[in-house]
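Chains A and B are the protein sequences, given in the same order.
Using the working numbering, you'd call the opening residue of the first sequence number 52 and step up by one each time.
Using the working numbering, you'd call the opening residue of the second sequence number 52 and step up by one each time.
Just so it is clear, CB atoms sit at the ideal spot from N, CA and C, and this is done for glycine as well.
Protein chains: 2
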Amino acid sequence: MKLDKNKRMGAMVKILSDHPNRIYTLKFFGELFGTAKSTVSEDIEEMAEAFENLGLGCLETIAGASGGVRLRPKLTQKDLLSFILDLCDRLSSPERVLPGGFLYRADLLYLPEIAQKIGEIMAFEFENTKPDFVITVETKGIPVAMMTARALDCPLVIARRNNEVTEGSSVSINYVSASSNRLQTMSLSRRAVKQGQKGLIIDDFMRGGGTAKGMSELLSEFDIEIAGVGVVITTSFPKEKLIKEYKALIELKEVSENSEVSRFSPARWVLER
Amino acid sequence: MKLDKNKRMGAMVKILSDHPNRIYTLKFFGELFGTAKSTVSEDIEEMAEAFENLGLGCLETIAGASGGVRLRPKLTQKDLLSFILDLCDRLSSPERVLPGGFLYRADLLYLPEIAQKIGEIMAFEFENTKPDFVITVETKGIPVAMMTARALDCPLVIARRNNEVTEGSSVSINYVSASSNRLQTMSLSRRAVKQGQKGLIIDDFMRGGGTAKGMSELLSEFDIEIAGVGVVITTSFPKEKLIKEYKALIELKEVSENSEVSRFSPARWVLER
Numbered sequence: 052m053k054l055d056k057n058k059r060m061g062a063m064v065k066i067l068s069d070h071p072n073r074i075y076t077l078k079f080f081g082e083l084f085g086t087a088k089s090t091v092s093e094d095i096e097e098m099a100e101a102f103e104n105l106g107l108g109c110l111e112t113i114a115g116a117s118g119g120v121r122l123r124p125k126l127t128q129k130d131l132l133s134f135i136l137d138l139c140d141r142l143s144s145p146e147r148v149l150p151g152g153f154l155y156r157a158d159l160l161y162l163p164e165i166a167q168k169i170g171e172i173m174a175f176e177f178e179n180t181k182p183d184f185v186i187t188v189e190t191k192g193i194p195v196a197m198m199t200a201r202a203l204d205c206p207l208v209i210a211r212r213n214n215e216v217t218e219g220s221s222v223s224i225n226y227v228s229a230s231s232n233r234l235q236t237m238s239l240s241r242r243a244v245k246q247g248q249k250g251l252i253i254d255d256f257m258r259g260g261g262t263a264k265g266m267s268e269l270l271s272e273f274d275i276e277i278a279g280v281g282v283v284i285t286t287s288f289p290k291e292k293l294i295k296e297y298k299a300l301i302e303l304k305e306v307s308e309n310s311e312v313s314r315f316s317p318a319r320w321v322l323e324r
Numbered sequence: 052m053k054l055d056k057n058k059r060m061g062a063m064v065k066i067l068s069d070h071p072n073r074i075y076t077l078k079f080f081g082e083l084f085g086t087a088k089s090t091v092s093e094d095i096e097e098m099a100e101a102f103e104n105l106g107l108g109c110l111e112t113i114a115g116a117s118g119g120v121r122l123r124p125k126l127t128q129k130d131l132l133s134f135i136l137d138l139c140d141r142l143s144s145p146e147r148v149l150p151g152g153f154l155y156r157a158d159l160l161y162l163p164e165i166a167q168k169i170g171e172i173m174a175f176e177f178e179n180t181k182p183d184f185v186i187t188v189e190t191k192g193i194p195v196a197m198m199t200a201r202a203l204d205c206p207l208v209i210a211r212r213n214n215e216v217t218e219g220s221s222v223s224i225n226y227v228s229a230s231s232n233r234l235q236t237m238s239l240s241r242r243a244v245k246q247g248q249k250g251l252i253i254d255d256f257m258r259g260g261g262t263a264k265g266m267s268e269l270l271s272e273f274d275i276e277i278a279g280v281g282v283v284i285t286t287s288f289p290k291e292k293l294i295k296e297y298k299a300l301i302e303l304k305e306v307s308e309n310s311e312v313s314r315f316s317p318a319r320w321v322l323e324r
């Protein structure tokens, strides 16, 4: 099918947007549109500039045999900051404070728009670590981890709290979660990962870091390297976490059950970038 | 910023693709691109035809005060069938058969590309029921439910197996799952839904229909209407499910643990559409 330039642009952007970070060859688009590869290449160059200006992401041409074009999600500093500030604002509404000083946050983390944007931020921050998969432990981190995997164009792996009959043989570890102060179990299906891969750990919340440490121990049982640890919210206290290197988007400064007050702020790197 | 037609097309498609089904006003695009609304309208019309021809979805103009433009995910019959057939093929590989005749399927359902496509199919099938949210019960259905919510541009709600401190007060019900033949519990946070809403139930697997029935009972505790029930895989037996109306994408015809054979086929409506 021969398409004019306007339509080529629209169709190409649709395909690239549906699978962020996936590399499509110029040949693929050339054949789809009935044009020369050089024409596709020119289209991309022209579009890339407009995308950059509008803050719609990074249209990148990759040279070489495995080359082609991909659309890397990339927020402008302004959009990143206003998104995180807005999220802090919504998180700190008084009715979110629960008995025991816990915070209701599932509604926000399950909103596709928010999960998708967080996933795109995580993907941008960790893309250079080249993970083979994203891993989380059920349940609240799943939507964000799913969207991170989508933005990285890699599989999602979910560690379970219990052994499941539908997961086949699995490896389990015990760990102590600081939030619950209880011994907990997490297990991972042997079929889910392969020795020698790299896994990116994503979770919604970190207090002591026990859960993230648990996931990293679980992965080391499979000889899997940790590409990085990304969490949406971390608490200011305890300052020392069980895991040394991690990237959080938001810091929970304090929460008081009695006064129904919680204070959130963007992580320092978000402010300083 | 004044943009030429090519770039307008690309930028508009990016924004529409990132939030399928969301209605953007012509005014929004007009202001973003520094053009008249009538120009935006012409751009859309031109693009819609190309999208239809390429099977990239349905670019729809909505008239009236709350009008604008949206991109409805829509697979062509050919793409739908080839996607489902390919999924059947991958599901039926012998190493997926587990002790007890269970099937390993998490890897496929957690692949962003597959979950996204299933979500788009579900959204297209249930969009006319106008759900306020998508609901699933943890865990394996979450990625697909998330992508359905994304494609419908509505929130995701997750029922839990246990009461969680981070969910606030919640309502719990007991139900019998045919798969496990056990009494199980599911609970839903009071904060997650509002009386009078409509919920679309999405799950990955249905055998007897106990889990879907459980979800529908849980929703009726909140005075919430069921918009519909969508599952990825249903079993041919038992033929009578606890839930009468549901839409499945794939039928599991038989599974034999000894011979490591499982047979899947597309649901009849997929073949007959």
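Closest in alpha carbon position to residue 150 of chain A, among A/321, A/324, A/317, A/312, is A/312. Boundaries of the alpha helix (DSSP H) around residue 267 of chain A: 261-272. Distance from the CA atom of residue 322 of chain A to the CA atom of residue 132 of chain A, rounded to whole angstroms, is 7 Å. With the criterion set as a beta carbon lying under 8 Å from some beta carbon of chain B, the members of the stretch 151-176 of chain A are 151, 153, 154, 155, 156, 157, 158, 161, 162, 163, 164, 166, 167, in sequence order. With contact defined as three or more Cβ pairs closer than 8 Å, the stretch 123-139 of chain B and the stretch 171-183 of chain B are in contact. Between the alpha carbons of residue 121 of chain B and residue 161 of chain A lies a distance of about 22 Å.
Residue environment: residue 246 of chain A is assigned as exposed (fewer than 16 neighbouring CB atoms within 10 Å of its CB, all protein chains considered). In the structure shown, the three-state DSSP call for residue 91 of chain B is helix.
Setting aside the 5 residues that flank it on each side, residue 204 of chain A is surrounded in the same chain by 70, 71, 72, 73, each with a C-beta closer than 7 Å to its C-beta; the list follows chain order.
Within chain B, the residues 60, 61, 62, 63, 64, 65, 68 have their CB atoms less than 9 Å from the CB of residue 64 of chain A, given in chain order. Using a Cβ-Cβ cut-off of 8 Å, residue 251 of chain B is close to nothing in chain A; its nearest Cβ partner there is about 14 Å away. Listed in chain order, the non-local C-beta contacts of residue 265 of chain A below 7 Å within the same chain comprise 224, 226, 237, local neighbours out to five positions each way being set aside. In this structure residue 181 of chain B is exposed. Its beta-carbon is surrounded by fewer than 16 other beta-carbon atoms within 10 angstroms. Contact check for residue 252 of chain B against residue 301 of chain B fails: the beta carbons are separated by 8 Å or more.
Under DSSP, residue 234 of chain B takes part in a beta bridge, and its partners are B/227. Assigned with DSSP and collapsed to three states, residue 210 of chain A falls in strand. Boundaries of the alpha helix (DSSP H) harbouring residue 139 of chain B: 128-142, taken from the DSSP string. At a cut-off of 8 Å between beta carbons, residue 257 of chain A makes no contact with chain B. Residue 314 of chain A is outside the set of residues whose beta carbon lies under 8 Å from a beta carbon in chain B. Residue 316 of chain B and residue 197 of chain A have their C-alpha atoms roughly 27 Å apart. DSSP places residue 250 of chain A within a strand segment (E or B) once states are collapsed to three.
Only residues of its own chain outside the window of five on either side were considered, and among them 219 have a CB closer than 7 Å to the CB of residue 242 of chain B, listed in chain order. Put simply, the CB of residue 219 of chain A is near chain B, with a gap under 8 Å to one of its CB atoms. Against chain B, a Cβ distance below 8 Å from residue 206 of chain A picks out 158, 161, 162, 163. Look at the beta carbons and you see the stretch 302-309 of chain B not touching the stretch 269-283 of chain B: under three pairs across the two are nearer than 8 Å.
Counted as a single uninterrupted DSSP element, the stretch harbouring residue 199 of chain A is not any beta strand (DSSP E) but the alpha helix (DSSP H) occupying residues 193-203. Distance check between residue 154 of chain B and each of B/320, B/306, B/318, B/310 places B/306 closest, using alpha-carbon atoms only.
Under DSSP, residue 317 of chain A forms a beta bridge with A/301.
Bounds of any alpha helix (DSSP H) do not take in residue 275 of chain B, whose DSSP letter is neither H nor E. The stretch 91-110 of chain B makes no contact with the stretch 99-108 of chain A: fewer than 3 CB pairs, one atom from each, lie closer than 8 Å. Residue 95 of chain B places its beta carbon less than 8 Å from that of residue 112 of chain B. Around the beta-carbon of residue 189 of chain B, 16 or more other beta-carbon atoms lie within 10 Å, marking it buried. Using a Cβ distance threshold of 8 Å, residue 250 of chain B and residue 293 of chain B do not count as a contacting pair.
Cβ neighbours of residue 86 of chain B within its own chain (closer than 6 Å, five residues either side excluded): none.
In the three-state DSSP reduction, residue 216 of chain B falls in the helix class (H, G or I). Just measuring C-alpha positions, the residue of A/90, A/216, A/166 sitting nearest residue 232 of chain B is A/216.
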